[in-house]
Amino acid sequence: MFDGEPACLIEMQSISKAFGHSKVLRNVTLSLRSGSVHALMGENGAGKSTLMKILAGVHRSDNGRILKDGKLLQLSSPREALAAGISTVFQEHSLLPNLTIAENMFLGREPLKRGGGLDRRRMRAETAAALAELGLKLEPDQLVSTLTIAERQFVEIAHGIKADASVLILDEPTAALNAADVEVLNRSIRQLRAEGRAIVYISHRMDEIFDICDEVTVLKDGQYVGTRAIKDVTPNGLIAMMVGRELSDLFPARTASIGKPVLELAGFCATPKARPFDLTLHQGEILGLAGLEGQGQQRIMRALIGRYLPAGGTLRLYGQTLKFPGAANGIRAMARLGLGFVPEDRKDEGLMLGLSVAANLVIALHAEQPAFARAKGMKAVVQRMTDALRIKTASPTTPVASLSGGNQQKVLLGRYLARDVKILMIEEPTRGVDIGAKSEIYALLRDFAKAGGAVLVTSRETVELIGLCDRLAVIHGDTVVAELPAASATEHSILAAALTAEGVAA
Amino acid sequence: MIALLRSGFSARRSRHGLWGGPLVIVVALLVILTLGTDQFATRENLFNLVAQAMPLFIAAIGQMFVILVGGLDLSIGSVISFSTAILSLDGPAVVLIPAVFLLAGLVGLINGLVITRLNVHPIIATLAMQYILLGITRFLRPVSGGEIPQVVIAAVQGSVFGVPLPLFWGLIAIGLAAKILYGSRFGLHLFGIGGGVAAGMEDAARTYGIRVDRNIVLAYVTCSLFAALAGAFLAGRIVSGDPNVGLLFELDAITAVAIGGTQLSGGVGSLHGTVLGAIVMVLLANGMNMANVSPFVQTAIKGGLLLAIVGLQSRKKMGL
């Protein structure tokens, strides 16, 4: 494919896979080279994960073949894939919190002493070596529960890097990492590449792909679109390959009419040390809390619904003044005032994964009823919301857990839209959501604002805030350091505003 | 040593549960009882206590194995009574003693299979087993009686160099349990399975290649075997088969395990905690007996203690 480059280590040729009647993969090809990081891109549901699960021996392909060094591989179980030198770090977190790092690393394949007991010394030594290889300063005897999310992710990766694995599959390794951690991970990946391993890297974050990857293969609707060298493509070109349109097309046009103030913060102090600030959200407006990660965007938003106790300040909602801290701004009270809150972690904090789509949609409506009121099915509401948000689900009774990330997010949004909230506070509106669904969610939020609603939004993706919002409040050190119109903001101007802010306890 | 002691009070960095509380109570009770009474710190009383405590000790250790995987075994009281009944049957000791353990192992196997294969909740599965075994035991031995093999009696009531044998059996049981729990693959897998259950990631242990169902079954078998050992011990003490001797024993065992810091949601707990929990219960009973506290009040105090201690051991606080 590319002249003068090393031959392929792994070749997956005309792979097809169907689950029941739905064809997930049709005739997909993937070639991995030693010493190369290969990005696999595509919208959710494009078949990336299925393709990787076939390579990892979790699923078997219906036809097609997999070659390693030109020799045919039979992969019918994860164990066989491991034996063939193919190791995977899956998206789902699977470390057990009550075991130590060493125990997690060796669980299921513990070394034994001659007498049959656990060889803990060897587990410890080999774990320490594996951690050191990733540059991690962690003790093998540390319980996983004491690790941060990022550290867990690294341990998961250390677990995946078996010494003899020549192929490493990383399925969204950075979903839970911040920028600094991503850099540490990238360093490890570069080293693995230098050691001559073939790495598959799945991510939705465009900047990472361009930072770390050498080649990219794009899938769309289970079909192979193409493979390119990263240096030959642009982000917009990649997106065009994935969805057939450019990045700027993702975002709906901004509204012309910004109405009267609906939510006004005055003298708001997120923490005792932070500088007080004022902030106003208007009808018809989408306001983004921008800035470097972890500078208090989440704290400020959650203080509004009573999850955090701010140090001081007042909140005016439609002219009604509420004092901080106070019982009047708990989440139920805020809900009564027409304010909906969509948390960042839809799996833990938002959705009830085991319950149906319908139940998740109408639960907020039920919450307004007395506890022993008859729980009506509210079929009409469910139908209206499913149609309006274009939620792709087999039926309203399908458990929400079986939906794709984008559709789950729509269900969560639908819960508040069903209740006719006037103000929507939403964290990370498109976390773990593919580009097609992102665009739909942006359109939904814009329509909500157009219809007279107001949206307050946080996001780790600055590009998203710039494209989606009308106005940006740059947060740094738990306070607002600048307000910018989103139309003219750039990632650079936001960063500059955050870092040049004076008189802020950073 | 100090680090170890500290981990008993703030269990953020260990999965052994909060066993510092029961340790403090044990020390306090020992001090109070030694200073407050003349009878407590005597050789006879202490040896007598050990012998008295041993069945609870052993049963609690067994119970801990199933609690660690997030299970519960309510059938052990019946297993204990059943074991004394089997030992009191007519027959040679070489048949009766193995029979007790074989049958108990079978009970554990059935418990485990019903729970893992038929997906019956552990409380229901073992409650049913409790009734079934109680019925069989009362059929075998409606009232207490029969003769217990001499070798069993000697093993429980005998002594070597003035040290009563129960002390040895207790140490052996603890050593065996420690070996299984901390030194074996099985023990680690129990923690892994329990941790997965408690963290809502049941499939995690399975994806690691652990045979989850088989290990859970083995935990119930282990629990039943320890119960049978407790039963044999009791038989040697009361020198007869008794259909009611194990009554409510399962609850005392669970109480000891819980006081010792083992979390009933699974994956957090320790052998030393369980041992301490059992000692707390025994010392408390002994002390209150010497202080002539009414048995009814004693029961109420036991309940209050359980609530107080477990209330201070919230899993969330431990970060697990």
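Those sequence lines, one after another, are chains A and B.
Each residue of the first sequence is one higher than the one before, starting from 0 at the first, in numbering that gives the first Met the number 0.
Each residue of the second sequence is one higher than the one before, starting from 0 at the first, in numbering that gives the first Met the number 0.
Quick reminder that beta carbons are idealized off the backbone N, C-alpha and C, glycines included.
Every value quoted in this text rests on a predicted model; they were computed, and no experiment measured them.
Three-state secondary structure (DSSP) at residue i?
i: A/Lys378; result: helix
i: A/Asn62; result: strand
i: A/Gly114; result: coil
i: B/Ile60; result: helix
i: A/Cys7; result: strand
i: B/Ala81; result: According to the sequence as given, residue 81 of chain B is Phe; it is not Ala. It is helical.
i: A/Arg470; result: strand
i: A/Glu427; result: coil
i: B/Phe39; result: coil
i: B/Phe185; result: helix
i: A/Ile257; result: coil
i: A/Leu39; result: strand
i: A/Glu460; result: coil
i: A/Lys67; result: strand
i: A/Phe267; result: strand
i: B/Val23; result: helix
i: B/Glu198; result: Looking at the sequence provided, one finds Ala at residue 198 of chain B rather than Glu. Here B/Ala198 sits in coil by DSSP.
i: B/Gln129; result: helix
i: B/His271; result: helix
Would you tell me roughly how many angstroms separate the C-alpha atoms of residue i and residue j, rounded to the nearest one?
i: B/Gly7; j: A/Arg119; result: 22 angstroms
i: A/Ala505; j: A/Gly476; result: Low per-residue confidence applies at A/Ala505: pLDDT is 40, beneath 50, and the placement is therefore not dependable, though the value from the model is reported in the following sentence. When rounded, the distance between both Cα atoms is 5 angstroms.
i: A/Arg151; j: A/Thr145; result: 9 angstroms
i: A/Gly41; j: A/Leu498; result: 35 angstroms
i: A/Ala228; j: B/Asn118; result: 52 angstroms
i: A/Arg121; j: A/Pro110; result: 7 angstroms
i: B/Leu112; j: B/Pro54; result: 26 angstroms
i: A/Val454; j: A/Val480; result: 20 angstroms
i: A/Ala289; j: A/Leu471; result: 6 angstroms
i: A/Ile304; j: A/Phe371; result: 26 angstroms
i: A/Ala273; j: A/Thr478; result: 6 angstroms
i: A/Phe250; j: A/Ala128; result: 47 angstroms
i: B/His188; j: A/Arg108; result: 11 angstroms
i: A/Phe276; j: A/Gly266; result: 5 angstroms
i: A/Ile474; j: A/Gly312; result: 17 angstroms
i: B/Leu133; j: B/Gly230; result: 14 angstroms
i: B/Ala172; j: A/Thr457; result: 58 angstroms
i: B/Leu95; j: B/Leu88; result: 8 angstroms
i: B/Leu48; j: B/Arg213; result: 37 angstroms
i: A/Leu280; j: A/Arg253; result: 16 angstroms
i: A/Met384; j: B/Pro121; result: 41 angstroms
i: A/Leu54; j: A/Leu352; result: 28 angstroms
i: B/Ser313; j: B/Val211; result: 26 angstroms
i: A/Asp2; j: A/Lys136; result: Residue placement at A/Asp2 is flagged as unreliable, the pLDDT there being 44, under the threshold of 50; the coordinate-derived value follows with that caveat. Cα to Cα, A/Asp2 sits roughly 41 angstroms from A/Lys136.
Excluding five sequence neighbours on each side, which residues of the same chain lie with their C-beta closer than 6 angstroms to the C-beta of residue i?
i: A/Leu169; result: Val88, Tyr200
i: A/Ala38; result: Tyr200, Ile208, Cys212, Val215
i: A/Leu389; result: The identity of residue 389 of chain A in the sequence shown is Arg, whereas the question assumes Leu. If we look at A/Arg389 and ignore the five residues flanking it on each side, it has no Cβ neighbours.
i: A/Met333; result: Ile304
Assuming residue i and residue j make a contact with CB atoms under 8 angstroms, what is their CB distance in whole Å?
i: B/Ile66; j: B/Gly268; result: 7 angstroms
i: B/Ser143; j: B/Asp241; result: 4 angstroms
i: A/Val410; j: A/Leu360; result: 6 angstroms
i: A/Thr173; j: A/Gln141; result: No, A/Thr173 and A/Gln141 are not in contact; Cβ-Cβ is about 22 angstroms, not under 8 angstroms.
i: B/Leu283; j: B/Leu28; result: 7 angstroms
Identify, in the order they occur along the chain, each residue of the same chain with its Cβ nearer than 8 angstroms to the Cβ of residue i, setting aside the five sequence neighbours on each side.
i: B/Pro21; result: Ile258, Gly259, Gly260, Gly272, Leu275, Gly276, Ile278, Val279, Ile308
i: A/Gly452; result: Gln282, Gly283, Val420, Lys421, Ile422, Leu423
i: B/Ala218; result: Phe64, Val65, Leu67, Val68, Gly70, Gly111, Leu189
i: A/Gln319; result: Leu336
Grab me the residues of residue i's own chain with a C-beta within less than 7 angstroms of its C-beta, minus the 5 sequence neighbours each way, in chain order.
i: A/Gln407; result: Arg345, Leu350, Val399
i: B/Ile152; result: Gly235, Val238
i: B/Trp18; result: Gly7, Gly259, Gly260, Ser269, His271, Gly272, Leu275
i: B/Ala84; result: Thr136, Leu139, Arg140, Gly240, Pro242
i: A/Leu29; result: Met11, Leu50, Thr216
Indicate, with yes or no, if the ligand ADP has a heavy atom lying under 7 angstroms from the CB of residue i.
i: A/Leu117; result: As presented, the structure is devoid of all ligands, the ligand ADP included, so that no description of it is given.
Would you verify that the beta carbon of residue i is, or is not, closer than 8 angstroms to some beta carbon of chain C?
i: A/Pro139; result: No chain C appears in the structure shown, which is made up of the protein chains A and B.
**Prompt:** In chain order, which alpha helix (DSSP H) runs of at least 4 residues are fully inside the region 304–357 of chain A?
**Reply:** Listed in chain order, they are 330–335.
**Prompt:** Which residue spans inside the region 188–236 of chain A form an unbroken beta strand (DSSP E) run of at least 3?
**Reply:** You should have 197–201, 214–219, 222–228.
**Continuous beta strand (DSSP E) assignments of at least 3 residues falling wholly in the region 395–444 of chain A** = Segments of the beta strand (DSSP E) lying fully in the region 395–444 of chain A: 422–426.
**Request:** Would you mind listing the alpha helix (DSSP H) stretches within the region 280–317 of chain B that are 4+ residues and don't spill past its ends, in chain order?
**Result:** Those alpha helix (DSSP H) runs which fall completely within the region 280–317 of chain B and span 4+ residues are 294–310, 314–317.
**Ranges of the beta strand (DSSP E) found wholly within the region 154–182 of chain A, counting only runs of at least 3** = Runs of the beta strand (DSSP E) inside the region 154–182 of chain A: 166–170.
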